[in-house]
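Chains A and B supply the protein sequences, listed in that same order. Residue 288 in our numbering sits at position 288 of the first sequence; the count goes up by one each step and never skips. Heads up, our numbering is the position in the second sequence plus 377, with the first residue counted as 1. Even glycine gets a Cβ: it sits at the ideal position worked out from N, Cα and C. Given the structure is predicted, the values throughout are model-derived calculations rather than measurements. Below you'll find the structure, written out as structure tokens, and then a few comments.
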Amino acid sequence: MTTTTPTLPNKRFSLPFAIKVEPRLDAPAWLGPAVSLGAIVIALLLGAVVLKLVGGNPWAAYAHIARAAFGDIGVFSDTLVKATPLIMVGLACSIAFRMKLWNIGAEGQFYMGALGASMVVLIPIAPETAPGWITLPLMLVAGMVFGAGWGFIPGWLKAKLKVNEIITTLMMNYIAVAFVNFFVFAVWSEGGFQMSKTFQKAAWLPRLADFAKEIKLFRGLTTHAGLLIGIVAAVVIWYILYRSLWGYEIRLIGDNPRAAQYAGLNITRNTVLVMMVSGALAGLAGMSEIAGAVHRLQTSISPGYGFTGIIIAWLAKLNPLVVIPVSILFGGLILAGREIQPSGVPRLIQGIILFMLIASDVLMRYRVRIAWTANAQ
Amino acid sequence: MDPIIILQAGVASGTVLLFATVGAIFSERAGVLNLGVEGMMLIGAMSAFSVTVATGNGGLGLLAAMFFAGLLALLHGLVSIHFQADQVVSGLALTFLGVGLSLVFGEGLSKAGTITLLPVFTVPVLSAIPFVGPILFTKQSVMVYIGYALVPLAWFFINYTRPGMHLRAVGENPTAADAMGINVYRLRYFYVFVGGTLAGLAGGTISLAISPGWFSELTTSGQGWIAVGLVIFAQWDPWRAAFGSYTFGALRRTILDIQGPTIVFGFANPFYYNPYWGFFLQMLPYAFTIIVLIIGSREALRKRLGAPAALGVPYVRGERGH
């Protein structure tokens, strides 16, 4: 598809211009963000068409999403709560995708992280009377270790046996959910319900509302310290990827595995390590959600955070710092989307956005020119 | 816990995987990796069920399933063939899109009404064969028999016909195929579409025959992904795909059936008395997929077999091959 000129069979009706598509040698800096923005706008318009088709009112729906997610400080605080796990799974996907490791298993690693963090409270590893500064770090480490372990399996299979990681990570999502369900129902069920007992206060990440006495503005705000952890994680991952030697190795392997091999980089070891870091980040998201928002282990703790993380990573062009604002946008979509009927709408919009994003990428590589032909006059 | 009944139901359940897997084989043999099978199956299941509820005609339902899933596949075709997008990401996007679309258009469909199932029949002579007859040819859905026909047809088409040779050429060495005068782009679009229609057929088979109805995402519950895994186990061969699919079907049925009776083979059934063990049973198909994938990958390494050489690589006319 280097140059295509639409030719109509009948000369009389031929177009007065020709559409030329030619490869772009270099793209200006503004083009990337502009194309992404355009893709999102078109995706939202397409989403509106579908909403209209099923008898909804798209503009009312979008206005509702905007209001219910960003309307005032109270709902914005709830949006940030939803954005917190998204930042971490977005980072998990970004670092893996940067090495062209398709970790589709953030969802399962999230569940395992939540399970690991819950174990600290429910077994209990940290006694109920232990202060928060003992319980919370233990939960954090347990969540990351469980997530990393769940990432290690597909990473090792990929590195040692060349087993396709897309399918193994995906299958392990289903396994993780069933595993967590087993613990929720069979081991820690509170009175036969699909949830454990509520964690003691020492296992809660501090919320803004906890400081309402000192700062009046924070009254009732649910944003918790997980957001801070997420931002720190983003900076750390950004530093690793773009300022450290290891990050350079990861990027080189992702861009050109053959060159990386000739350069003597250990691809096997990096594959396992990056999958473990990716899993640890997703596990961290599970821990933060359990300790910051849910405060107990229960079924369906994630409305598909792990999958949304894939879209976020892609929209952020795998840049860890850009993951933060993108996550806030999607956090708003998930928060407000809960009340929108039909219930599949947020998922649909996410799907259209991702599709538009990758389709629009062609504009980064090709220039479309309209050339007026001689018979235009 | 009659093994004959489990195998019989397992073949029926495996037919779903068979359609999806053979569809993915066609697409991948042409060099296009389509990970969106789960989304296309859901679209198929949803449109088959809703068209059948509306018209009362299961055949129309299946046609709708194939058409809409095929259409969705063409989107992936456009993005990955002409726009040269990363096929992994595009396939994932297709899954999101398919799931979202089927949830939105399938809203309320679970209570929309009842349908007459696709016809079930027994083949006169063949059903009398001992062991094989009761499993394969007794009281099976028409879709199961279509599945039996599809396997040898697909195998023969891919390996022994001229268009089949073109299909393989496009997936193995598109530059050479182009030089031979084969239209690489057109063939790739065509087989991506074929893969979509078969995934749609798989979805329609679920909602009209195997476990009738619309249960949103639980309708497929990851079978599309299992199919993607089976393609690798099958080494892109329809016969091995059939073997894998039916084995998986039997496994699914065993898991469903083993929790019912109080006594299995003369022993107290542990899964009956510890219902929570069922969560571990639920993991089995997915764990089994991973095991099957490991087997497939090891075999591929040993025999130096492998995926079609140009799988996942966009073809750009005039550029050097990879």
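Measuring from the CB of Gln-600(B), is there a heavy atom of the ligand NAP at a distance below 7 Å?
Ligands displayed in this structure: none; no statement on the ligand NAP is therefore possible.
Taking a contact to mean a Cβ-Cβ separation below 8 Å, would you say Ala-604(B) touches Ala-401(B) in this structure?
Yes.
For Ala-446(B), which of His-459(B), Gly-548(B), Gly-475(B) has the nearest alpha-carbon?
Of the listed residues, the one whose Cα sits closest to Ala-446(B) is Gly-475(B).
Check the Cβ of Pro-361(A) against every Cβ in chain B and list those closer than 8 Å, keeping chain order.
One point to set straight first is that residue 361(A) is Asp, not Pro, in the sequence displayed. Near Asp-361(A) (Cβ distances below 8 Å), the residues of chain B are Phe-460, Ala-462.
Under 8 Å Cβ-Cβ, which residues of chain A neighbour Val-456(B)?
Those within 8 Å of Val-456(B) in chain A are Phe-355, Ile-358, Ala-359.
Find out if the Cβ-Cβ distance for the pair His-295(A), Thr-222(A) is shorter than 8 Å.
Cβ atoms of His-295(A) and Thr-222(A): not closer than 8 Å.
Does the CB of Thr-299(A) have a neighbour CB from chain B at under 8 Å?
Not closer than 8 Å to any Cβ of chain B, the Cβ of Thr-299(A) fails to qualify, so no.
Residues of chain A with CB closer than 7 Å to the CB of Ala-470(B), please, in chain order.
Under the 7 Å cutoff, chain A gives Gly-351, Leu-354, Phe-355, Ile-358.
Near Ile-583(B), what residues of its chain come up, given a Cβ to Cβ distance below 7 Å and the 5 sequence neighbours on each side ignored?
The answer, listed in chain order, is Val-393, Ala-422, Thr-596, Thr-597.
Can you name the start and end residues of the beta strand (DSSP E) that Val-21(A) belongs to?
Note, Val-21(A): beta strand (DSSP E), 17–23.
If we count the other Cβ atoms within 10 Å of its Cβ and call it buried at 16 or more, is Ser-278(A) buried or exposed?
The residue is buried, with at least 16 neighbouring Cβ atoms inside 10 Å.
I'd like to know whether the C-beta of Thr-271(A) is nearer than 8 Å to at least one C-beta of chain B.
No, because no Cβ of chain B sits closer than 8 Å to the Cβ of Thr-271(A).
Counting pairs of beta carbons, one from the stretch 114–126 of chain A and one from the stretch 138–149 of chain A, are three or more of them closer than 8 Å?
These segments touch.
Do the stretch 321–337 of chain A and the stretch 68–84 of chain A make contact, defined as three or more Cβ pairs closer than 8 Å?
At 8 Å Cβ cutoff, the stretches touch.
If we cut at 8 Å on Cβ distances, does Gly-331(A) have a partner in chain E?
Given the protein chain composition of this structure (A and B), no chain E is represented.
Determine the direct distance from the alpha carbon of Asn-411(B) to that of Val-456(B), and round the result to whole angstroms.
Rounded to whole angstroms, Val-456(B) to Asn-411(B) spans 11 Å at the Cα level.
So, at 7 Å on beta carbons, what are the nonlocal neighbours of Trp-246(A) in its own chain, with the 5 sequence-adjacent residues on each side left out?
If we look at Trp-246(A) and ignore the five residues flanking it on each side, its Cβ neighbours are Ile-240.
Would the beta-carbon of Gly-573(B) fall within 8 Å of that of Met-417(B)?
Yes, they are a contact pair.
Name the one or two DSSP bridge partners that Ile-640(B) has.
According to DSSP, Ile-640(B) bridges with Ala-645(B).
Tell me which residues share the same chain as Leu-658(B) and place their Cβ nearer than 8 Å to its Cβ, disregarding the 5 neighbours each side in the sequence.
For Leu-658(B), where only same-chain residues beyond five positions count, the Cβ hits under 8 Å are Ile-632, Ile-635, Gln-636, Phe-648.
Just verifying my parser: in three-state terms, what is the DSSP assignment at Gly-698(B)?
For Gly-698(B), the pLDDT reaches just 47, beneath the cut-off of 50, and the residue's location in the model is therefore unreliable, leaving the point undetermined.
Between which two residues does the alpha helix (DSSP H) carrying Ile-609(B) extend?
From DSSP, the alpha helix (DSSP H) with Ile-609(B) extends over 600–610.
DSSP three-state call for Ala-684(B): helix, strand or coil?
It is coil, neither helix nor strand.
For the pair the stretch 174–194 of chain A and the stretch 315–330 of chain A, tell me if three or more CB-CB distances fall below 8 Å.
Result no; under three Cβ-Cβ pairs closer than 8 Å.
Note down, in chain order, each residue of its chain lying with its Cβ closer than 7 Å to the Cβ of His-699(B), except the 5 sequence neighbours on either side.
Unreliable placement is indicated for His-699(B), whose pLDDT of 45 sits below 50; no coordinate value is reported for it.
Could you compute how far the alpha carbon of Gly-558(B) sits from the alpha carbon of Ala-546(B)?
Cα-Cα distance, rounded: 11 Å.
Put Arg-367(A) into one of helix, strand or coil per three-state DSSP.
Correct three-state label for Arg-367(A): strand.
On the criterion of 16 or more Cβ atoms from any shown chain inside 10 Å, does Asp-255(A) qualify as buried, or is it exposed?
It is exposed - the Cβ of Asp-255(A) has fewer than 16 other Cβ atoms within 10 Å.
Does the beta-carbon of Ala-43(A) have 16 or more other beta-carbons within 10 angstroms, so that it is buried, or is it exposed?
With 16 or more Cβ atoms within 10 Å of its Cβ, Ala-43(A) is classed as buried.
Report yes or no: is there a C-beta of chain B within less than 8 Å of the C-beta of Met-171(A)?
Yes, its Cβ sits closer than 8 Å to a Cβ of chain B.
Please tell me whether Ala-316(A) and Ala-69(A) are closer than 8 Å, where the distance is taken between their beta carbons.
No, these two residues do not count as a Cβ contact at 8 Å.
What residues are listed by DSSP as bridge partners for Phe-498(B)?
DSSP lists Gln-517(B) as partners of Phe-498(B).
Starting from the N-terminal side, write out each stretch of the alpha helix (DSSP H) that is 4 residues or longer and does not extend beyond the stretch 184–249 of chain A.
Whole alpha helix (DSSP H) segments, 4+ residues: 226–243.
Per DSSP, Gln-385(B) is paired with what?
DSSP, once it has assigned bridges, lists no residue as partnering Gln-385(B).
At a Cβ threshold of 8 Å, is Trp-314(A) touching chain B?
Yes, Trp-314(A) lies at the interface with chain B (some Cβ there is under 8 Å from its Cβ).
Assign Gln-194(A) to buried or exposed, taking buried as 16 or more other Cβ atoms, counted over all protein chains shown, within 10 Å of its Cβ.
Answer is exposed; the Cβ neighbour count stays below 16.
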